[in-house]
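Notes follow once the structure below has been shown.
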Amino acid sequence: MIAVLSLVEFPALYYIYQTGTIVYMVLAMVAIAIFIPTGNAIRFAGVVIVADVAAVILAYMRPLESEKLSKEVVLQSTLCSLLIVLLCVFLISILLQMQRQRQEEEVKKLNEQLKDAADKDALTGIYNRRYLNQYLGDLILDEKEEFDAVLIDLDFFKHVNDTYGHGFGDIILVEFARLLTKHVKNKGIAVRFGGEEFMLVLKGMNTDEIGKMLEHIRWEYKEFTKHEKNIECSFSSGVQHYTEGIAVTVLYRLADEKLYAAKERGRNQDVFDLE
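The numbering of the sequence shown is the numbering used here, which starts it at -2 and goes up by one.
As structure tokens, then:
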């Protein structure tokens, strides 16, 4: 439609009515610049300029013979041109506003995707250690919040990887992450800590509640691996309650010490206390 108006309609109007319609040519150039992709717009604008110049020259050299227009006709023509121009400017403004809003939404969506990619583990889709550090930092600043950090390690995962292949190893990691997310819900967050290690940050739960949750996860994890490869996989964990004043790195170390104790005691268990 822009092509028809720019190359045919507006030059023809100028040739017939001359000066009063030249503003249409200007509007056509504005529309080309806004609504046609840059590469094509430059070429098309060049063609339109040639057509407009040709119409102006032709109107000057070979004007149409017409009767002199009355003042009423001139007024009507001028008002009609004014209304058309105002309407076109208004529509272009609306379209520009819609385009700007769409671009802002796309940028916002892209930023959310980038943030999500930065905060989530690529394989499992749960939070990564980068996000965990930020989350714990904010949680510690809120002195009213009490929480526990549960560091989990999948028992003999390397052996499973070597025996059944890395593909199945990835399946295990994804499924285990799903189980963690399923049971944690709104009680905290599940994080892939690194490799086959995961961490849960649980708020407002006592030792018994945490123990029961871990046992449910352990049973479902065992049933999954039994169904998939007829093997019974397990995990070990160390549970550290946050004590006011300790740093995040110290919290990790204390949870890791309890995880190590769980492994030393035979794996497939949760250690809440080293004594």
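Cβ atoms here follow ideal geometry from the backbone N, Cα and C, with glycine treated the same way.
Next item on the list: Please state whether DSSP places Ser233 in a helix, a strand or coil.
Entry: Here residue 233 refers to the residue found at position 236 of the sequence shown. Three-state DSSP puts Ser233 in a strand.
Item checked: For Met26, the three-state DSSP class (helix, strand or coil) -> Along the sequence shown, read from residue 1 onward, the residue named residue 26 stands at position 29. Assigned with DSSP and collapsed to three states, Met26 falls in helix.
Note to self: Bridge partners for Arg289 per DSSP, in chain order?
What the structure shows: A query on residue 289 cannot be resolved here, the shown segment of the chain reaching from -2 to 272 and no further.
Margin query: Residues in the same chain with beta-carbon distance under 6 Å from Val147, minus the five sequence neighbours each way, listed in chain order, please.
Written below: Position 150 of the sequence shown, counted from the start, is the residue given in the question as residue 147. Counting only Cβ-Cβ distances below 6 Å, and skipping sequence neighbours, we find Leu197, Ser234 and Val236.
Check: Tell me which same chain residues have a C-beta within less than 7 Å of the C-beta of Phe190, skipping the five on either side of it?
Finding: Along the sequence shown, read from residue 1 onward, the residue named residue 190 stands at position 193. Sequence-distant partners of Phe190 (beyond 5 residues in either direction) whose C-beta falls short of 7 Å from its own C-beta, in its chain, are Arg126, Leu148 and Met196.
Next item on the list: Within 10 angstroms of the Cβ of Leu120, are there 16 or more other Cβ atoms? Answer buried if so, exposed if not.
Entry: Indexing the sequence shown from 1 puts residue 120 at position 123. Residue burial annotation: Leu120 is exposed, with fewer than 16 other C-beta atoms found within 10 angstroms of its C-beta.
Check: Can the beta-carbon of Val188 be found less than 8 Å from the beta-carbon of Tyr124?
Finding: Your numbering for residue 188 matches position 191 in the sequence shown. Your numbering for residue 124 matches position 127 in the sequence shown. Result yes, Cβ atoms of Val188 and Tyr124 sit closer than 8 Å.
Notebook entry, point to check: Does DSSP put Ile149 in a helix, in a strand, or in coil?
Noted result: The residue you call residue 149 lines up with position 152 of the sequence shown. Strand at Ile149.
Item checked: Through-space distance from Thr222 to Gly164, alpha-carbon basis -> Reading the sequence shown from its first residue, position 167 is the one you call residue 164. Reading the sequence shown from its first residue, position 225 is the one you call residue 222. So the alpha carbons of these two residues sit roughly 14 Å apart.
Check: Can you tell me the Cα-Cα spacing of Tyr128 and Asn158, whole angstroms?
Finding: For this step, residue 128 is matched to residue 131 along the sequence shown. For this step, residue 158 is matched to residue 161 along the sequence shown. When rounded, the distance between both Cα atoms is 27 Å.
Notebook entry, point to check: Less than 8 Å separating the beta-carbons of Tyr218 and Phe173?
Noted result: Your numbering for residue 218 matches position 221 in the sequence shown. Your numbering for residue 173 matches position 176 in the sequence shown. The answer is yes: Cβ separation under 8 Å.
Item checked: Beta carbon of Asp267 nearer than 8 Å to that of Leu199 -> The count along the sequence shown starts at 1 and reaches residue 267 at position 270. The count along the sequence shown starts at 1 and reaches residue 199 at position 202. At the C-beta level, Asp267 and Leu199 stay beyond 8 Å of one another.
Margin query: If you reduce the DSSP assignment to three classes, tell me which class Tyr128 lands in.
Written below: Here residue 128 refers to the residue found at position 131 when the sequence shown is read from its first residue. When secondary structure is reduced to three states using DSSP, Tyr128 falls in the helix class.
Check: Under a Cβ-count criterion, where at least 16 other Cβ atoms within 10 Å of its own Cβ denotes burial, should Phe232 be classed as buried or exposed?
Finding: Indexing the sequence shown from 1 puts residue 232 at position 235. Around the beta carbon of Phe232, 16 or more other beta carbons sit within 10 angstroms, so the residue counts as buried.
Item checked: Residue ranges of each alpha helix (DSSP H) within the segment 200 to 251, 4 or longer -> Those alpha helix (DSSP H) runs which fall completely within the segment 200 to 251 and span 4+ residues are 204 to 226.
Check: Identify the residues that DSSP records as bridge partners of Val268: which are they?
Finding: In the sequence shown, the residue the question calls residue 268 occupies position 271. For Val268, the pairing in a beta bridge is given by DSSP as Gly235.
Margin query: Taking the alpha carbon of His224 as the reference point, which residue from Ala115, Glu254 and Ile169 has its own alpha carbon closest?
Written below: Looking up residue 224 in the sequence shown gives position 227. Taking only the C-alpha atoms, the option nearest His224 is Ile169.
Check: How many Å lie between Val247 and Asn108 at the Cα?
Finding: Sequence index remark: in the sequence shown, residue 247 carries index 250 (1-based). Sequence index remark: in the sequence shown, residue 108 carries index 111 (1-based). Val247 and Asn108 have their alpha carbons spaced roughly 33 Å apart.
Checklist line | Buried versus exposed call for Gly43 [16 or more other C-beta atoms within 10 Å across all chains shown] | finding: Counting from 1 along the sequence shown, the entry for residue 43 is found at position 46. When all chains shown are included, Gly43 counts as exposed.
Checklist line | Distance CB(Leu256)-CB(Asp118) smaller than 8 Å | finding: Sequence index remark: in the sequence shown, residue 256 carries index 259 (1-based). Sequence index remark: in the sequence shown, residue 118 carries index 121 (1-based). Cβ distance not < 8 Å, so Leu256 and Asp118 don't count as in contact.
Note to self: Do Ile137 and Val245 have their beta-carbon atoms positioned less than 8 Å apart in this structure?
What the structure shows: Stepping through the sequence shown from its first residue, residue 245 is reached at position 248. Stepping through the sequence shown from its first residue, residue 137 is reached at position 140. Yes, Cβ-Cβ distance for Val245 and Ile137 is below 8 Å.
Next item on the list: Compare the beta carbon distance of Tyr161 and Lys226 with 8 Å and say whether it is the shorter of the two.
Entry: Here the question's residue 161 lines up with position 164 in the sequence shown. Here the question's residue 226 lines up with position 229 in the sequence shown. In terms of Cβ geometry, Tyr161 and Lys226 form a close pair [threshold 8 Å].
Next item on the list: Use the C-beta contact count for Ala252: other C-beta atoms within 10 angstroms, 16 or more gives buried, fewer gives exposed.
Entry: Reading the sequence shown from its first residue, position 255 is the one you call residue 252. Classification for Ala252: buried.
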